[in-house]
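Right, one structure below, let's go through it.
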Amino acid sequence: MTEYSAARQYSPQEIARLQESARRHMWLHFTRMSSYNDADIPVIVRGSGEYVYDQYGKRYLDGLAGLFVSQIGHGRTEVAQAGARQASELAYFPLWSYAHPQAIALAERLASLAPGDLNRVFFTTSGSEAVESAWKLAKQYFKAIGQPGRYKVLSRNIAYHGTSMGALAITGLADIKAPFEPLPPGGVRVPNTNFYRAPSFVAHDQAAFGQWAADEIERAILREGPDSVAAVYLEPVQNSGGCFPPPPGYFERVREICDTYGVLLVSDEVICAFGRLGYYFGSERFGYQPDIITFAKGVTSGYAPLGGMLVRDALMEPFSRGDASFLHGVTFAGHPVSCAVAMANLDVFEKEDLLGNVRANAGAFRATLEKLGDLPIVGDVRGEGYFYGIELVKDKASRETFSDDESERLLRGFLSTALYDAGLICRADDRGDPVIQLSPPLTCGQEQFDEMEQILRSVLTQAWARL
Ligand SMILES: Cc1ncc(COP(=O)(O)O)c(C=O)c1O
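Note that the numbering used here has the sequence shown beginning at 2, numbered continuously upward.
Below, the structure written as structure tokens:
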């Protein structure tokens, strides 16, 4: 399966120098740096289409689109050139009291694609900033309309909403929060929609499970005091924990609850927007109307960094009068180069009908991954569009999961490296129960689905034998 690219070759001296320098100076994110004491740091040097290449020229299928980012795939010169052109014309100007044509054009385009009256765009540079900006907006908005007690935010167990202090307070992963306590107050957890691990009283009925999970949001609002709750943050399909789609009726009920108690519904679409589920926005896929959508990642397919939030007209209203202003800003938000790149990225979506590609092939992707269900280690295959999680179990019949020690040996000690060595970039994650996550470029078809399935089959079979 390994293919060696004809592109720029790195000499043995350059490769050694890269390793030495990386070990001496790089600090990798969420990474145990000691794991590279006796192993090479993986270095990716270029990408083309659905594949990336390391410094030896070895090819990898990018089954995670980098980090849920590279929707149109790698190596698109027309998108790169759009960025270069913009840098020559106007490299930078802030959105603090000014606008520039690329940000204006992109804001209009996003508003036209978004559901309902989400017509106002506040740009950021990342997903965490978008999530945190939405919280700040909610707090200032409620103060402006005479409900100053509303500051709390509800989000789901194990959900990831980012790492800056505010976003981390919304994130539902206890382990990555603990070192940074105390966090800003107001983060409240509600259950997620992992049907595979549903409580026994709703375990055999998806709709009843959905109703229960949504009702838990209402119970949390009542427990906390409705006058203190500002917003509920939900992803259309929850990423962390391994792709939890919403059960039928879930979002309908959540919208009803938010309307009843005057709580804002924030759809965190940092992963689920821009085609990941076959629609520009994940909320469209499930037919609900958010008050705010947060986005990042796929808006540029990673050719430049950009994030932001799309906001309903009504939320802007108190800020459009007299001396009011939203007291928040970021220097590089809505960077001209990033906006130009986002416009070119969306042109590719249109020209190549990428949403159509995802919708046409999502069934085949699911069917191909479901073949792995015959392996004893595969407990559940779940997801939507081009976004899947495969939950690994010790005992399929009882759904028993692995102990911390087994998880450590299985995921960190074997699977992550073995999958990479076999030429597949994906994610072996144990932030909930152990899962493999897949989120390939939207250009993928059956050839790449088969490649993923074959590599996973071989590596998971070896993993089972080692247990
Ligand atoms: C749902 C969600 N929200 C927020 C974030 C944070 O985005 P960023 O890493 O760009 O800050 C992520 C990142 O993966 C995410 O998946």
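Think of the CB as a built atom: it goes at the ideal place given N, C-alpha and C, for glycine as much as any other residue.
Just so you know, these numbers come straight off a predicted model, no measurement behind them.
Any idea if residue i is buried or exposed, counting beta-carbon neighbours within 10 angstroms, 16 or more meaning buried?
i: Thr301; result: buried
i: Thr261; result: exposed
i: Phe282; result: buried
i: Glu236; result: buried
i: Gln14; result: exposed
i: Glu219; result: buried
i: Met2; result: With a pLDDT of 37 at Met2, under the threshold of 50, the modelled position of that residue is not reliable, and the figure given next carries that caveat. So Met2 ends up on the exposed side.
i: Phe94; result: exposed
i: Asp430; result: buried
i: Ser98; result: exposed
i: Glu4; result: Low per-residue confidence applies at Glu4: pLDDT is 44, beneath 50, and the placement is therefore not dependable, though the value from the model is reported in the following sentence. So Glu4 ends up on the exposed side.
i: Ser284; result: buried
i: Leu68; result: exposed
i: Asn38; result: exposed
i: Thr332; result: exposed
i: Ala398; result: exposed
i: Lys352; result: exposed
i: Pro254; result: One detail in the question is off: residue 254 reads as Arg in this sequence, not Pro. Under this definition Arg254 is a buried residue.
i: Leu91; result: exposed
i: Pro435; result: buried
i: Glu401; result: exposed
i: Gly380; result: buried
i: Val194; result: The residue asked about is misnamed: residue 194 is Thr in this sequence, not Val. Per the 10 Å Cβ criterion, buried.
i: Phe1; result: Past the boundaries of the shown model lies residue 1; the chain is included only from 2 to 468, so the question cannot be answered.
i: Ser156; result: buried
i: Thr172; result: buried
i: Gly323; result: exposed
With DSSP as the reference, identify every bridge partner of residue i, one or two as the case may be.
i: Leu1; result: The chain is shown only over 2 to 468; residue 1 falls outside these bounds and no answer can be derived.
i: Leu62; result: Tyr52, Leu425
i: Arg313; result: Leu119
i: Asp234; result: For clarity, residue 234 is Tyr in the given sequence; the question names Asp instead. Its beta-bridge partners are Val267.
i: Arg190; result: Ser156
i: Gly308; result: Thr125
i: Gly384; result: Tyr389
i: Ala295; result: For the record, residue 295 in the displayed sequence is Thr; it is not Ala. Paired residue(s): Asp269, Met310.
i: Leu439; result: Tyr389
i: Gln239; result: Phe245
i: Ile45; result: Asp55
i: Asp430; result: Val436
i: Glu353; result: None, per the DSSP bridge assignment.
i: Glu401; result: Asp396
i: His162; result: Beta-bridge pairing links His162 to no other residue.
i: His75; result: Gly50
Please work out which residues of its chain come closer than 7 Å, Cβ to Cβ, to residue i, disregarding the five sequence neighbours upstream and downstream, and give them in chain order.
i: Ala345; result: Glu79, Val80, Ala83
i: Ala343; result: Leu107, Val300, Thr301, Leu307
i: Ala365; result: Gln447, Phe450
i: Ser6; result: Only weak support is given to the placement of Ser6: the predicted model assigns it a pLDDT of 47, under 50, and the question is left unresolved by the model.
i: Phe327; result: Leu138, Gln141, Phe320
i: Trp213; result: Val203
i: Asp178; result: Checking the sequence, you will find Lys at residue 178 rather than Asp. Excluding residues within five positions, the ones whose Cβ falls inside 7 Å are Leu169, Thr172, Leu184.
By Cβ distance below 8 Å, which residues in the same chain neighbour residue i in space, the five residues on each side in sequence not counted?
i: Met453; result: Leu62, Gly64, Thr369, Leu370, Leu425, Cys427, Leu439, Pro441
i: Gly48; result: Tyr54, Asp63, Ser71, Gly74, His75, Gly76
i: Glu407; result: Lys395, Leu468
i: Leu96; result: Ala104, Phe124, Gly330, Ala334, Gly335
i: Glu217; result: Val191, Pro192
i: Ala363; result: Gly279, Glu385, Gly386, Tyr387
Give me, in chain order, the residues of the same chain whose beta-carbon lies closer than 6 Å to that of residue i; leave out the 5 immediate sequence neighbours on both sides.
i: Ala108; result: Val122
i: Gly74; result: Gly50, Glu51, Pro442, Thr444
i: Tyr289; result: Phe252, Arg256
i: Ile293; result: Ala135, Val267, Met310, Val312
i: Ile272; result: Phe69, Asn240
i: Arg432; result: Leu174, Ser241
i: Tyr142; result: Leu316
i: Ser127; result: Ala297, Gly308
i: Ala40; result: none
Between residue i and chain C, is there a C-beta pair that is closer than 7 Å?
i: Trp465; result: No chain C appears in the structure shown, which is made up of a single protein chain.
**Prompt:** Within the chosen definition, does the region 150–161 reach the region 230–239 through at least 3 CB pairs nearer than 8 Å?
**Reply:** Yes, they touch.
**Request:** Spell out a yes or no on whether the region 409–416 and the region 448–466 are touching, meaning 3 or more CB-CB pairs, one atom from each, closer than 8 Å.
**Result:** Segments in contact, yes.
**Three CB pairs or more closer than 8 Å across the region 127–139 and the region 305–321** = Counting Cβ pairs under 8 Å, three or more are found: they touch.
**Item:** Contact between the region 78–92 and the region 336–350 (3+ Cβ pairs under 8 Å)
**Value:** Yes, since at least three Cβ pairs between the region 78–92 and the region 336–350 fall closer than 8 Å, the two stretches touch.
**Message:** Taking contact to mean 3 or more Cβ pairs, one atom from each stretch, closer than 8 Å, check whether the region 377–395 and the region 237–245 are in contact.
**Reply:** Yes, they touch.
**Request:** Indicate whether the contact test is met: 3 or more Cβ pairs, each with one atom in the region 385–405 and one in the region 109–119, closer than 8 Å.
**Result:** When Cβ pairs closer than 8 Å are counted between the two stretches, the region 385–405 is seen not to touch the region 109–119, the count staying below three.
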